[in-house]
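Single-structure report; data block below.
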Amino acid sequence: MRLVTTPRVAFLRELAAEIAQRYGRGRMIVAVDGPVQSGKTALADDLGAVLEEAGHAVFRARMEGFHRSRAAQDAFGDDTAERYYRYGFDESALKRVLVEPFRMAGSTAFVTRVLDPDRDAWVEPRWITGPADAILVLDGRFVLRERLDDLWDYRIVVDGEPVDAADRLAYADRDPRAVADALVDLTEPERPIRR
């Protein structure tokens, strides 16, 4: 389905073409990071739609779906910004049920979320698969931290300064803007520009 051409869609078509140029064939994972409430989820959703428009099989996931439960986080101490940054997400589950099976290029199924953070409840796994050529677009806070770096093929960061204490910790450890393949300014969300 052809999307209505707006400045945002035109921008994302250029970004999608750059991603596809690197992508070629097989499975690829695009990670979208940025400060809290920066617009990264909407950007990832729209990028996924533009990649689908270009004929790619696209899957979407959010780091929010890989939160640790509150009880699991409590095992790491008091509820602080540092605990949230360091232990708020279940990176092992992310790798085990999403990234690694997705990379198997269709020979096994994968799961795009394990927890509903709003209800603090595990979700029934919905195992999905797709063609050998596919793109996974994943967004979330801290996805460009160094220990996850080898998981991503293309890195997008929504430009902006850290908003809260957890963001400040993340940016002090490793500013995602320094490792981005594309740095996107969403000061005017309908007219994104590349930095």
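Residue numbers (this note's numbering): 5 to 199. Built from N, CA and C at the ideal position, the CB exists for glycine as well. As the structure is a computational prediction, the values presented were derived from the model and not from experiment.
Helix, strand or coil at residue i [DSSP, three-state]
i, result
"D83", "coil"
"T183", "Looking at the sequence itself, residue 183 is Val, so the reference to Thr does not match. The answer is coil: DSSP assigns V183 none of H, G, I, E or B."
"D20", "This sequence places Ala at residue 20; Asp is not what is there. Helix at A20."
"R178", "coil"
"L195", "Note on identity: in this sequence residue 195 is Arg, with Leu being the wrong assignment. DSSP places R195 in coil when its eight states are reduced to three."
"R159", "strand"
"R29", "coil"
"D154", "helix"
"V8", "coil"
"D171", "helix"
Sequence-distant residues of the same chain with beta carbon closer than 7 Å to residue i, five excluded per side
i, result
"S42", "V162, G164, L190"
"V147", "A35, D37, M67"
"V54", "L7, V13, L16, R17, A20"
"G81", "R87"
"E95", "L152"
Residue i and residue j closer than 8 Å at C-beta
i, j, result
"I33", "L152", "no"
"V200", "P39", "With the chain covering only 5 through 199, there is no way to say anything about residue 200."
"A35", "R159", "yes"
"A113", "H60", "no"
"D3", "G30", "In the structure displayed, the chain extends from 5 to 199; residue 3 sits before or after that span and is not available."
"F63", "L140", "yes"
"A186", "L19", "yes"
"R145", "M67", "yes"
"F70", "R107", "no"
"R198", "V183", "no"
"Y91", "R72", "yes"
"G110", "P135", "yes"
"R149", "R181", "no"
Cut-off 6 Å between Cβ atoms - residues of its own chain near residue i, not counting five sequence neighbours on either side
i, result
"T170", "Going by the sequence as given, residue 170 is Ala instead of Thr. Cβ within range, chain order: A85, Y88, Y89."
"D50", "L16"
"Y175", "P166"
"P193", "G43"
"W156", "I33, A35"
"G52", "V62, R64, V141"
"E57", "L7"
Below-8 Å beta-carbon distance, residue i vs any chain B residue
i, result
"R151", "Among the protein chains of the structure shown there is no chain B, as only one such chain exists."
Nonlocal neighbours in the same chain, by C-beta distance under 8 Å from residue i, ignoring five residues either side
i, result
"T133", "G110, T112, A113, F114"
(request) Just list the beta strand (DSSP E) runs in the region 121 to 148, keeping only unbroken ones of 3 residues or longer that don't cross its boundaries, in chain order. (result) Within the region 121 to 148, the runs of beta strand (DSSP E) at least 3 residues long that lie entirely inside it are, in chain order, 138 to 143.
(request) Give, in chain order, every unbroken run of the alpha helix (DSSP H) that is at least 4 residues long and sits entirely within the region 35 to 120. (result) The region 35 to 120 contains these whole alpha helix (DSSP H) runs: 44 to 57, 74 to 78, 85 to 91.
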